[in-house]
Amino acid sequence: MCMKAHKQKYTKSTLSKTNQYEGKSLDHDLESVAEELVDLARTQLPSGVMKGVLKGSEDDIRQEAILLALKWYIRHRAGNPTHGKSDWNPVQAICAALRFRKLDTIKRHAKEQKVRRALTIQQQRMNHESAYEEWSPAEIREVLKKSIQQALKAGRISHANASVAIQVYLDSVTVQELANQLGRSKSSIHQHLTRVRKAIPGIIHSMLD
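Plus 1 on top of the position in the sequence shown (first one is 1) and you've got the working numbering.
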């Protein structure tokens, strides 16, 4: 999936030049990493190349791969707080994330179809409020995940916002733990979460309408 020609552009010297973020906040650092991963994902997985059940899903796979790579980056920062981006390889990360998400999407395809059918049935026999009460934890997680992805795709939140929300709301990482990993305050993490909370309610309702 990853193109050799592109890898040659990212030599060690190039990466060392592009990874100079001293003096900038870690929030800015996370946004910068996200921007680089977006560019790499578009190059490594162009639109219109997928076939079969994945046809037309390039945009979704790229988005999920970027979020996964950002999760890896946050863990990388937590494990190497003094090194920052010095030994972070964005090309390797996005290639691995794209491969993983492609396989994961294939495996999830049938399951997602069942979830959509279940939500449709619920919509027909329940109003919105009672539907929320009757959802299973798995259904809540699925709807929340999709709403975050749609908000990101629509440009209502950033990749950094989405990455933080997924870790807190879906991966059960506490705000304090994530703040420690990123070397930020809890209020900084809450700012990301606030942006997501403002964006997703309307999307969730639209999924049920």
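Just so you know, even glycine gets a beta-carbon here, dropped at the ideal spot from N, CA and C.
Residue i by DSSP, collapsed to three states: which one?
i	result
leucine 46	coil
threonine 12	At threonine 12 the pLDDT is 44, less than 50, meaning the model places this residue with poor confidence and gives no usable figure here.
lysine 56	coil
glutamate 23	Low per-residue confidence applies at glutamate 23: pLDDT is 42, beneath 50, and the placement is therefore not dependable, though the value from the model is reported in the following sentence. Looking at glutamate 23 - three-state DSSP - the assignment turns out to be coil, as it is neither helix nor strand.
valine 169	helix
histidine 193	helix
Identify which residue in the options has its Cα closest to the Cα of residue i.
i	options	result
glutamate 36	Thr175, Ser164 and Gln168	Ser164
isoleucine 107	Leu55, Leu68 and Leu171	Leu55
isoleucine 62	Ala98, Arg76 and Ser186	Ala98
glutamine 151	Ile204, Leu68 and Lys52	Ile204
histidine 193	Val174, Leu183 and Ile158	Ile158
Taking the beta carbon of residue i as the centre, do at least 16 other beta carbons fall within 10 Å, making it buried, or is it exposed?
i	result
isoleucine 149	buried
isoleucine 201	buried
leucine 153	buried
arginine 78	buried
alanine 6	Here the model assigns alanine 6 a pLDDT of 38, short of 50, so the residue's position is not dependable, and the following value carries that caveat. Flag for alanine 6 reads exposed.
leucine 171	exposed
valine 169	buried
isoleucine 141	exposed
valine 50	exposed
leucine 68	buried
arginine 196	buried
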